[in-house]
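There are 2 protein chains.
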Amino acid sequence: MKKNLFIFSCLIGQMLQAQNLSPIQAVNFSQVKINDAFWKPKMEKVATATLNACILQTEIKTPRIRNFEKVARKQGEKHEGIYYDDSDVYKALEAIAYSLKNNPTPKLEATADDWIDKIAAAQEPDGYLNTYYSLLGLDQRWSDMEKHEDYCAGHLFEAAVAYYNTTGKRKLLDVAIRFANHIDETFRLANRPWVSGHQEIELALVKLYRTTGQDRYLKLADWFLLQRGRGFGRGVIWDQWKDPAYCQDSHPVKEQKEITGHAVRAMYLYTGAADVAVQTGDAGYMGAMKTVWEDVVQRNMYVTGGIGSSGRNEGFSQDYDLPNEQAYCETCASVGMVFWNQRMNALTGESKYIDILERSLYNGALDGLSLEGDRFFYGNPLASNGSHARREWFGTACCPSNIARLVASVGDYIYAQTDQALWVNLFVGSETKLNLGGQEVNIRMQTAYPLNGKVGIKIDPGKATNFLVHLRIPSWVSNAAFAGDLYTARSVAPNKLQVMVNGQIVAYKSEKGYAVLERTWQPGDEISFTLPMQVQKISARQEVSASQNKVAIQRGPLVYCVEGVDNGGDAWNFILPETAKFSEKNSTVGTEAVVALQTQALFYEPGADGKSIKTVLKPLTAVPYYVWCNRGNKGMQVWLPQKIKGLRFVE
Amino acid sequence: MKKNLFIFSCLIGQMLQAQNLSPIQAVNFSQVKINDAFWKPKMEKVATATLNACILQTEIKTPRIRNFEKVARKQGEKHEGIYYDDSDVYKALEAIAYSLKNNPTPKLEATADDWIDKIAAAQEPDGYLNTYYSLLGLDQRWSDMEKHEDYCAGHLFEAAVAYYNTTGKRKLLDVAIRFANHIDETFRLANRPWVSGHQEIELALVKLYRTTGQDRYLKLADWFLLQRGRGFGRGVIWDQWKDPAYCQDSHPVKEQKEITGHAVRAMYLYTGAADVAVQTGDAGYMGAMKTVWEDVVQRNMYVTGGIGSSGRNEGFSQDYDLPNEQAYCETCASVGMVFWNQRMNALTGESKYIDILERSLYNGALDGLSLEGDRFFYGNPLASNGSHARREWFGTACCPSNIARLVASVGDYIYAQTDQALWVNLFVGSETKLNLGGQEVNIRMQTAYPLNGKVGIKIDPGKATNFLVHLRIPSWVSNAAFAGDLYTARSVAPNKLQVMVNGQIVAYKSEKGYAVLERTWQPGDEISFTLPMQVQKISARQEVSASQNKVAIQRGPLVYCVEGVDNGGDAWNFILPETAKFSEKNSTVGTEAVVALQTQALFYEPGADGKSIKTVLKPLTAVPYYVWCNRGNKGMQVWLPQKIKGLRFVE
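Protein chains in written order, with my numbering: chain A, 1138 to 1788; chain B, 1138 to 1788.
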């Protein structure tokens, strides 16, 4: 087996070379110790509040775990909840696994082991595992492509891999292997058509392949990708499915040119396709995905990195249709954007994918989790009249565990490497130890980012060693326009980043959005640079009608918003003068340290007579978007109006 | 059987007397010919556009009819659509049946016969009929109280009764009888607990009882009512169900005191309870319902007669929680209000129930249907920022066929009678022939209501005959306050209605909200009166926070609204002066004749500099609420602000 795997790996290496696909490997979070002022407290909140909420809901408040117990009891009891609820158990397990790595907690691990026993006891003798169909009647299984059996399987595989990697315990991994084998035999080996109604299994199978070395899982992932766009998906019960574009099933994946349909399904699909592409070297997926990616980012993405503007289909609508108050922007879709863009970066070595990853992570995804870690957004609009509120849980509960697993594994996105080169993608206080240039190298990044832009990176090889260091130069440093030219920062001139080694300015090559330093690194070398954190006023292309005559404010990676709570109660009754300049003020939202931004704006308020309107020039305060709605619901806007276009009287 | 029925009827008569329940009978629409300028064109639109839309959706665009064909084919095909879709077929059939009475159309009848053949062919040998479970597997049937099997059965029974009454064809009636017998044997006779997850079967069984004379259906209706509130409904899969109040299952029906939960379920429940009460004379239901009715009307009803303010549960929330833009107010709930209030009126003889019926019918229900009859509202808010639009159809398609059947059977609500008395409840140009005082009496009402308030009623007995005529005096004529004192018209003093017979003013007794004329009627006698159609400014109790500092405008039975399309594009940027007086203007919306109302209001508009706000006194036009959103989506408000409380800048 080992030998086979080796041969296969060599083959992949050749194919990658042939296809010019980059073999960059993301450094796994389990190799990265995070001691960052911004992320570490959030990971601790996830380890406590968020996971406790997931556990409470999974064990007590909803029947998610009880369904597994019912299957094991075999007493003819009925399934409770929704047919995809198993997936929430798996995603919570996956988040627990990540969290245990950074925050070991025996009680959490005991809970996970207990759940795993119950999951294993619910597996059918032939490997099948799905409480909905085991309780409904196994004769019904695999009869409806939309019923998320493969989706739940995918989340099981991800949890199993994560738990095995963290703890070394393989009980859940063995469950996953048996189920994956069952699926492989039922479909690929039996040549039985099956279009996954909710993609997810593809990326999960690649993880299973990487962990077990069994190439049948990689083949099965590719097989699932190849099923799409061939008309196999007709005749299932869900109305929306009848438009195959809803599930990215209107064309074969390698022929897709436009983003369509359900945003989370799309993100998981392309993540899986990228994973397969990097393993097999198949350039067909990559060609299609580059085009689709441009369609997402250049015409269908919010300035927060949020995607899927329409609640109707939880997904994409028309190009440039980016309403702010009605923005759907599911938390899970931003999580998916992080996944996909990481893979696109690894395949191409281009920093533009990390630019989008960072935008989605720090804005559209992170705001899905409350600062205390115990409240969630399902949708993440860019304006609220005060009615949008965080909630404890959802009937369809995909988002809480998804944001939990993302934050718990944020270490996945900081570094990447080849044998001869390091990539620094995100600026997060952290330590890792990598083999570079044949030498073990300690790497230690220190930064208060995103509060300020100072970054120091100690590069400590045991002895002098030559390798490349790629430092990502965020697009907001070097370019006025981003996301194509969907958004443009008009207030600040582009900068050239100054990089120092051991306090001396050094020359570097700019390549694919990175500052590339090639040198023989000595023990104790330190790279330092300061990302310019000027406040940027961003305008949107004129096609984005919802955001015309408005500006969005960004500082570093953080998009800002104006909340009513900081501005006398209302967030929709002011005009920002064109000449407005923002000053920075160190502040807090709850216990979260933030740089608040202040300027003067024209506020319009009812007069005492109930008929007149007063206009007052007074301070306007903006805070990072990710902290909004942590101090009650009082209205919020990301895009700040510079002109009165229409007005309404409201309560 | 006939004899038994006769004895039973006598018994009911005695019980009614004993319990002081009124034996008033609504005159069935099939006995009423409508030639009304307001309603007749709407009934014709239903007969053509609305029913064609229902047929198109049922036969072509959705698999509703195909599911019946699949059951009959017995080839193991799968159910498509949602498990309650059969009910839409039955409701469309019921609407066709009503429509055929007033607008005979051979093609429509042929379609109905074709559907009935397919429905009959899908009935199981034991009488069971439900395509979802016949296709899923009959072993699963009756396992889940929430899966609407009894709800679909109820709509089948209603359709069967309607089609039999219109056409005399009993094929569908026989299908209904077999299914009802199956249900009776499965539950009541087997003493097997079952709480209907969506009430409807109760009222339908009373219709079946009245048509067949079989008292087992009345007993079964009562049995279903008695199941509720006893804890039988636990353990079904739907989360919301876990609050038994969602389905009015927290207390036995006769002990209920508050309105809770899903609005349509509640309306159907109380309609069925009233139907059973009138047949059995059981005063327990009536006592509870009077209390619940007051809770609905006095604390939880919109000025449009709409109910169920919350979209979260499609139902009731807190007392006085009546938001305008977020108002859910499902069309079906207003239809249910019409049903229930008719029964309450028949049980008590009190006109206050018809006041509410009229309010719901002419406003909250009727606006659910577009003027062309081919577009629908599911929810009916009282304010829109322009995003609320009529749609061709819905995934859950209860509303289109429900409003169709209501409009097609509006003749049901005009007259009621006992042997010795006539009640005129609605003012609709129409003819009927009734037996009153032992004499056949032709009745012919002529009116242009609600355009104006003149009503003439020819009372034509073959020979001089003594009987009572009750003319409803709408509460908006005689009282400033209505719905308890939830709403108060402050601008117009109450009137005493002047009634004439043959041109001479006559004295009358006021009783239970009616003007009661007792006399010996001569052939050719004519009653005439003019309802005062002054424009009324209505304010809401201070507990209704969403409508403070605002007035609603009403003229006759019609609530008005301000639409952007009549007012320069926006409907939320004006202040109505306290002193504003409205003038009437004959106008049209499409081809619909309306009395538009005009006054002067302060409009606030952006200045050319984009920073200033101009205030302009200019004409404000209001149109009846039921015609809104027939000229595009441009914003609408029912409650007109008299003070600026807050303002927002919008697109």
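Cβ atoms here follow ideal geometry from the backbone N, Cα and C, with glycine treated the same way.
- Beta-bridge annotation (DSSP): D1662 of chain A is paired with A:I1596.
- T1248 of chain A: member of the alpha helix (DSSP H) spanning P1243 to A1258, first to last residue.
- When 9 Å is used as the limit between beta carbons, K1751 of chain A is near no residue of chain B, the shortest such separation being about 10 Å.
- A direct Cα-to-Cα measurement between Q1435 of chain B and T1533 of chain A gives close to 36 Å.
- Taking the Cα of L1588 of chain A as reference, the smallest distance to any Cα among A:L1668, A:P1631 and A:V1731 is reached at A:V1731.
- If you draw a 10 Å sphere on the C-beta of P1241 of chain B, you find fewer than 16 other C-beta atoms in it, and that means exposed.
- Shown in chain order are the members of the segment 1687-1720 of chain A whose Cβ falls below 7 Å from a Cβ of chain B: D1707, W1709, N1710 and I1712.
- DSSP places P1756 of chain A in the strand class (E or B) of the three-state scheme.
- For the pair I1171 of chain A and F1205 of chain A, the CB atoms are not nearer than the 8 Å cut-off.
- Along the segment 1163-1181 of chain B, there is no position whose C-beta sits under 7 Å from a C-beta of chain A.
- Of all C-beta pairs linking the segment 1776-1784 of chain B to the segment 1739-1748 of chain A, three or more are shorter than 8 Å, placing the two stretches in contact.
- The residues N1482, N1562 and R1609, in chain order, have a CB closer than 6 Å to that of I1491 of chain A in the same chain once the five nearest residues on each side in sequence are set aside.
- For the pair T1569 of chain A and V1208 of chain A, the CB atoms are not nearer than the 8 Å cut-off.
- Separation of A1738 of chain B and G1747 of chain A (C-alpha to C-alpha, rounded to the nearest whole angstrom) is 14 Å.
- Distance between V1415 of chain B and Y1346 of chain B, taken at the CA atoms: about 13 Å.
- Within the same chain, D1223, R1278, E1286, C1289 and A1290 come within 8 Å of N1267 of chain A by CB-CB distance, once the 5 residues on both sides are set aside.
- Within chain B, the C-beta atoms nearer than 8 Å to that of E1788 of chain A come from S1682, A1683, K1782 and G1783, in chain order.
- Bridge pairing for K1170 of chain B: B:E1568 [DSSP].
- With contacts defined by Cβ atoms closer than 8 Å, Y1763 of chain B and Y1499 of chain B form a contacting pair.
- DSSP places R1692 of chain A in the strand class (E or B) of the three-state scheme.
- Taking Y1383 of chain B as reference, the option from B:R1449, B:N1328 and B:R1353 with the minimal CA-CA separation is B:R1449.
- The three-state secondary structure of N1522 of chain A, taken from DSSP, is coil.
- A Cβ-Cβ separation of about 25 Å leaves T1303 of chain A out of contact with L1357 of chain A under the 8 Å criterion.
- Residue contact check for P1743 of chain A against chain B: a CB pair falls below 8 Å.
- Secondary structure remark: continuous beta strand (DSSP E) runs of at least 3 residues inside the segment 1491-1538 of chain A: none found.
- From the beta-carbon of K1748 of chain B, the residues of chain A found nearer than 7 Å are I1712, L1739 and I1781.
- Contact of P1778 of chain B with chain A is assigned, a C-beta pair being separated by under 8 Å.
- Classified as buried, L1508 of chain B has 16 or more neighbouring CB atoms from the shown chains inside 10 Å of its CB.
- Separation of S1647 of chain A and E1655 of chain A (C-alpha to C-alpha, rounded to the nearest whole angstrom) is 12 Å.
- Cβ neighbours of R1201 of chain A within its own chain (closer than 8 Å, five residues either side excluded): Q1194, T1195, G1218, D1222, D1223, D1225 and V1226.
- Ranked by how close their Cα comes to the Cα of I1664 of chain A, the residues A:A1717, A:V1726, A:R1581 and A:D1281 have A:R1581 in first place.
- Following the DSSP letters along the chain, one finds A1717 of chain A in no alpha helix (DSSP H), marked with neither H nor E.
- Note on geometry: alpha-carbon atoms of E1181 of chain A and C1536 of chain A lie some 18 Å from one another.
- In the displayed model, Q1194 of chain B falls within a helix according to three-state DSSP.
- Excluding five sequence positions before and after P1262 of chain A, none of the CB atoms of its chain fall closer than 7 Å to its own CB.
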